[in-house]
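Which chain is which? The protein sequence lines are A and X, in order. Under the numbering used here, the residue at position 14 of the first sequence is numbered 14, and the numbers go up by one with no gaps. Under the numbering used here, the residue at position 94 of the second sequence is numbered 1094, and the numbers go up by one with no gaps. The beta carbon of each residue, even a glycine, is placed where N, CA and C say it ideally should be.
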Amino acid sequence: EVQLVESGGGLVQPGGSLRLSCSASGFTFSTYTMHWVRQTPGKGLEYVSVINNNGRSTYHADSVKGRFTISRDNSKNTLYLQMSSLRPEDTAVYYCVKDGSGGWFFDYWGQGTLVTVSS
Amino acid sequence: QSALTQPRSVSGSPGQSVTISCTGTSSDVGAYNYVSWYQQHPGKAPKLMIYDVTKRPSGVPDRFSGSKSGNTASLTISGLQAEDEADYYCCSYAGSYSWVFGGGTKVTVL
């Protein structure tokens, strides 16, 4: 059974930093592209970042480019999102998401971790 | 990219059919057959319902179907059931390793 468990969320002041982690199990982590998607309270979903299976290719949405960095450690089956220069508008639930097999979609989502940026 | 456009809400009685539209542009929905749909119940993570416009993952009831015409994709729920009441989000690949989501549609079963 595929499991994605996020951690690292919490309350942080504007301008602060936070690192999210996602522990993966139930599939061969090192062979899949992984993503972060966020959802603002009461609102919709927003694509954040992607990293390919070996970690050599990444993409970040314009809204977080230069502030967020996605990375992975395949030896630990763990995905990361380093967030810095946080803004109130970054307040959201952050989901760790597995890439669909052979496709451009997302087949498994974690339960999410809440990040609140507020003074 | 701008978010894909979905109606804020749709409703139907049990057994009826409802269709949710998802309008994008020639750079996302119109450019790729990579539209997916996700169901989200309150307090839960999204769940994949349709991928590659029309494909259903194992375990998703066949009353859920997807289609696309030009820059607009659609999700149809036939034979609406109480457990289908949820938020639904469309998503399209937009090139250069980027994706764009719709704003979400709340489906209410009357």
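Q. Ordered along the chain, which non-local residues of its own chain (more than five positions away) have a Cβ less than 7 Å from that of P1014(X)?
A. Taken in chain order, the residues that qualify are L1080, Q1081, A1082 and V1109.
Q) Given S1017(X), which residues of its chain have a CB within under 8 Å of its CB, disregarding the five upstream and five downstream residues? A) Taken in chain order, the residues that qualify are T1076, I1077, S1078, G1079 and L1080.
(Q) My output table needs one value for E1(A): the three-state DSSP class, helix, strand or coil. (A) The DSSP-derived three-state label of E1(A) is coil.
Q. Going by DSSP, which residues form a beta bridge with Y1093(X)?
A. Answer by DSSP bridge pairing, in chain order: W1099(X).
Q | Opening and closing residue of the beta strand (DSSP E) in which E1085(X) lies | A | Here E1085(X) belongs to no beta strand (DSSP E), and DSSP marks it neither H nor E.
(Q) Measuring only the C-alpha atoms, how far is Y1034(X) from T1054(X)? (A) So the alpha carbons of these two residues sit roughly 9 Å apart.
Q: Assign R38(A) to one of two classes, buried (16 or more other C-beta atoms within 10 Å of its C-beta) or exposed (fewer than that).
A: A residue is called buried once 16 or more other Cβ atoms fall within 10 Å of its Cβ, and R38(A) is buried on that count.
Q) Which same chain residues, not among the five before or five after C1022(X), have their C-beta less than 6 Å away from its C-beta? A) For C1022(X), same chain residues with a beta-carbon under 6 Å away, outside a window of 5 residues either side, are L1004, Q1006, A1073, C1090 and G1102 in chain order.
Q. Going by the CB atoms, is the gap between V1060(X) and A1086(X) shorter than 8 Å?
A. Contact check for A1086(X) against V1060(X) fails: the beta carbons are separated by 8 Å or more.
(Q) Check whether chain A comes within 8 Å of Y1088(X), counting only Cβ atoms and requiring the distance to be less than that. (A) No, its Cβ sits nowhere closer than 8 Å to a Cβ of chain A.
Q) Hey, how far is the Cα of C1024(X) from the Cα of G112(A)? A) Checking the sequence shown, residue 1024(X) turns out to be Gly, not Cys. One alpha carbon belongs to G1024(X), the other to G112(A), and they sit about 27 Å apart.
**Q.** Beta-carbon proximity list for S1067(X), same chain, < 6 Å, skipping 5 on both sides
**A.** The residues S1074, in chain order, have a CB closer than 6 Å to that of S1067(X) in the same chain once the five nearest residues on each side in sequence are set aside.
**Q.** Proximity to S7(A) [Cα-Cα], best of W104(A), T28(A) and Y94(A)
**A.** Of the listed residues, the one whose Cα sits closest to S7(A) is Y94(A).
Q: Mind the definition here: the region 71-85 of chain A touches the region 15-32 of chain A only if three or more C-beta pairs lie below 8 Å; say whether that holds.
A: Touching, yes, given that three or more Cβ pairs across the two stretches are closer than 8 Å.
**Q.** S1078(X), DSSP secondary structure in three states
**A.** Coil, per DSSP.
Q: Could you tell me which residues DSSP puts in a beta bridge with W1037(X)?
A: Per DSSP, I1050(X) and C1090(X).
Q. Taking Cβ to Cβ, would you say N1071(X) is nearer than 8 Å to V1029(X)?
A. Going by C-beta atoms, N1071(X) is nearer than 8 Å to V1029(X).
**Q.** Three-state secondary structure assigned by DSSP to D90(A)
**A.** Residue state, collapsed to three classes: helix.
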